[in-house]
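K.L.:
Here the sequence shown stands for residues 52 to 279, numbered as in the working numbering.
Cβ coordinates follow ideal geometry from the N, Cα and C atoms, glycine included.
Starting off with a structure, shown below.
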Amino acid sequence: MLNWFKISYAQIGFSGTIYYLADIILRKIKIGSVYPYCFLSQPLSAPAKKLRLSKNYIVRKVQPDDPRLLEMLPSSICDYRFEQKAICIGAFKEETLTALLWFTTDVYHEDEVRADFIPPIDACWDFGVHIEPEYRMTRAFSNLWSASTVIMNDMGYSSSLSRISAFNHISLHAHIRMGAELIAKAIFINIGPIQISFSNIRPLLHISFFKNSRPTFHFHKNDESITI
């Protein structure tokens, strides 16, 4: 137990370890969960366009009726995302769909917790990155991300916002190495039908008792970066 705590502390810090332990306990006794989020802003500028894309991959929009998409994700998830007018980008190797990235240009209705996120007018919101297991050590994601940033940038967006679990320290630091800035944090605690959220942006505190009660987080162009 002590060794586990030391490893967790080294990776996600003291507070992250406490949240992680609380999440394990709540899920174990089947009464709730804990979701600590880090919100990041990723510039969509020229450097991404300079990256050379592999000729083995074709990156393009994926249509709602593409059978390869429905083989990768449940139809209920796809329907929920397309109903938000989200755009799905896929990396294809020959005829195989290897990776996905979704983004929306309007409010994003989170599906893990009850919350809505609204990016600045010159930014979009990316989410739902998925890479098929056999392609996770290939160039599938680098090609997907590079081409997706060009698509977003060509649509007039200068940055893309996203949320990453604070438990996922590998993804978090990978985004920061790519130039993303951490601009906000929030934690969602679910116990039965009750959801409590704390954040360092408005609303600072929100308590929800019902399914339709969702806090709305507005992000702004000049949000300053914060430290992890």
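Measure the beta-carbon distance from Q93 to A217 and round it to whole angstroms, keeping in mind my assumption that it falls under 8 Å.
P.N.:
17 Å between Cβ atoms; not a contact.
K.L.:
Which of helix, strand or coil does DSSP assign to R228?
P.N.:
In this structure, R228 counts as helix in the three-state DSSP scheme.
K.L.:
Which parts of the region 100-149 are runs of the alpha helix (DSSP H), unbroken and 4 residues or longer, counting only runs that do not cross its ends?
P.N.:
Contiguous alpha helix (DSSP H) elements confined to the region 100-149 occur at 118-123, 126-134, taking only those with 4 or more residues.
K.L.:
Only counting the same chain, and skipping five residues up and downstream in sequence, which positions put a Cβ closer than 7 Å to that of F133?
P.N.:
P115
K.L.:
Excluding the 5 residues preceding and the 5 following G179 in the sequence, name in chain order all residues of the same chain whose CB lies nearer than 6 Å to its CB.
P.N.:
W153
K.L.:
Let's test the definition: count the other Cβ atoms within 10 Å of the Cβ of L91 and tell me whether it reaches 16, buried, or not, exposed.
P.N.:
buried
K.L.:
Which residue wins for smallest C-alpha separation from P87, given the options G141, N194, L151, Y71?
P.N.:
The option with the nearest alpha carbon to P87 is Y71.
K.L.:
Ordered along the chain, which non-local residues of its own chain (more than five positions away) have a Cβ less than 6 Å from that of R214?
P.N.:
Y88, F90
K.L.:
In the DSSP output, which residue or residues are listed as bridge partners for G83?
P.N.:
I242
K.L.:
From this set, K262, I258, M188, which residue's C-alpha is nearest H160's C-alpha?
P.N.:
K262
K.L.:
Which residue comes first and which comes last in the alpha helix (DSSP H) that contains D205?
P.N.:
191-205
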